[in-house]
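Notes for the one structure printed next.
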Amino acid sequence: MKRKFQMPVSGKENSGREQKVRDNLRALDVASLEIERYGVHPDQFIEWYGPEGGKVVCFVHGGFFHEDGTLSYLRPAAFALGEAGYRVALVEYRRIAGNTSATMEDMSVLTRHRRLRGATWLGHSAGSIPVLNVLFDPDLAPSHAVVLAPIFDLRRDVEEFKDTAKSDLARWVGGSPQQVPNAYADFDPAVAYARLGADGFSSRGYRLDVIHGALDETIPVQRSRDLAAEPFNVAIVAEANHNDVICPGHDAWILLLGALG
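At position 163 of the sequence shown (counting the first as 1) the number is 222 in the working numbering, and the numbers step up by one without a gap.
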């Protein structure tokens, strides 16, 4: 018997709205029973949704790399994509303060997973950072990514944060750009894209779809607007906040389905 659930209805009020949407999503009991481990660490596992044979999507959650920022809030989106016919791998991964390499090592393992060959990579919020790094690495296989409310420029996000010392992203990287410049050189998607270049991106047949809510209070929408000159597909969703873009039934959902194809 199929499980049924009612999604929270998104409204125009945005005061506290982002957290409310996230809390409602996390409360829905739609966790998959199909779980696969890809490593020995407790956070190295995949929850599978949708039918075998469906178009494969590797879904990477955000949470700003806190150990308690798990994939649970994305389960309703993964479930809904599965109901739409996609074969969704909702992935958990290591999120260790000061150890960006652990996160990217897990992503590298996932790119080589036999069931994820040819997958479209999908990331929300801070989960867009590893997704973009995977896409912009010519040595890795993925050629199409979709990012929702993304962080494209890691250095910019940290430097524009009101208190750099309290930035969750700086905590994950291990410090500010001035303190650990090599870490930013290695793990900032903007740096990876600069190495690749627009011509390199296009000549390799890469595709990047960006979807961002105009009312986002977590990651300013202007950062995605600033990507309009790049060879990416950028869509700004009116009346959508940071978490509306992962809410089935919202206008942003139609754009997501279109981007996934």
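Ideal Cβ positions, reconstructed from N, Cα and C, are used throughout, including at glycine. Small disclaimer: the values here were computed from a predicted structure and weren't measured.
Open item on the list: Tell me which residues share the same chain as Pro236 and place their Cβ nearer than 6 Å to its Cβ, disregarding the 5 neighbours each side in the sequence.
Closed with: Excluding five sequence positions before and after Pro236, the CB atoms of its chain that fall closer than 6 Å to its own CB belong to Arg214 and Tyr243, given in chain order.
Open item on the list: Quick check on the DSSP output: the beta strand (DSSP E) that includes Leu181 runs from which residue to which?
Closed with: Residue range Thr179 to His183 is occupied by the beta strand (DSSP E) that includes Leu181.
TODO: Could you round the C-beta distance between Glu77 and Glu276 to whole angstroms and report it? I think they count as a contact, below 8 Å.
DONE: Indeed they touch by this definition, with Cβ atoms about 6 Å apart.
Task: DSSP state of Phe211 mapped onto helix, strand, coil - done: Note: Phe211 maps to coil in three-state DSSP.
Open item on the list: Taking the beta carbon of Gly317 as the centre, do at least 16 other beta carbons fall within 10 Å, making it buried, or is it exposed?
Closed with: With fewer than 16 other beta carbons inside 10 angstroms of its own, Gly317 counts as exposed.
Task: Cβ distance (whole Å) where Val89 is taken to contact Phe138 below 8 Å - done: Taking a contact as a CB-CB distance under 8 Å, the pair Val89 and Phe138 counts as one, their CB atoms being some 4 Å apart.
Open item on the list: Taking only three categories from DSSP, how would you classify Arg321?
Closed with: Outside the shown range of the chain, which is 60 to 320, sits residue 321, and nothing can be said about it.
TODO: Could you spell out where the beta strand (DSSP E) holding Ala76 opens and where it closes?
DONE: Looking at the sequence provided, one finds Arg at residue 76 rather than Ala. Counting along the chain, Arg76 falls outside any beta strand (DSSP E), though it belongs to the alpha helix (DSSP H) covering Arg76 to Ala86.
Task: Those runs of the alpha helix (DSSP H) which lie wholly inside the region 114 to 160 and span at least 4 residues - done: Restricted to the region 114 to 160, the alpha helix (DSSP H) segments that are unbroken, complete and at least 4 residues in length are 134 to 142, listed in chain order.
- [ ] Taking only the alpha-carbon atoms, compute the straight-line gap between Met210 and Tyr252 and give it to the nearest angstrom.
- [x] The sequence as given places Ile at residue 210; Met does not occur at that position. In a straight line, the C-alpha of Ile210 is about 13 Å away from that of Tyr252.
Open item on the list: Quick check: the Cα distance between Thr162 and Cys117, rounded to an integer number of angstroms?
Closed with: Straight-line Cα distance between these residues: approximately 15 Å.
Task: Residue interval of the beta strand (DSSP E) (run including Val304) - done: Segment: none, Val304 is in no beta strand (DSSP E) and carries neither H nor E.
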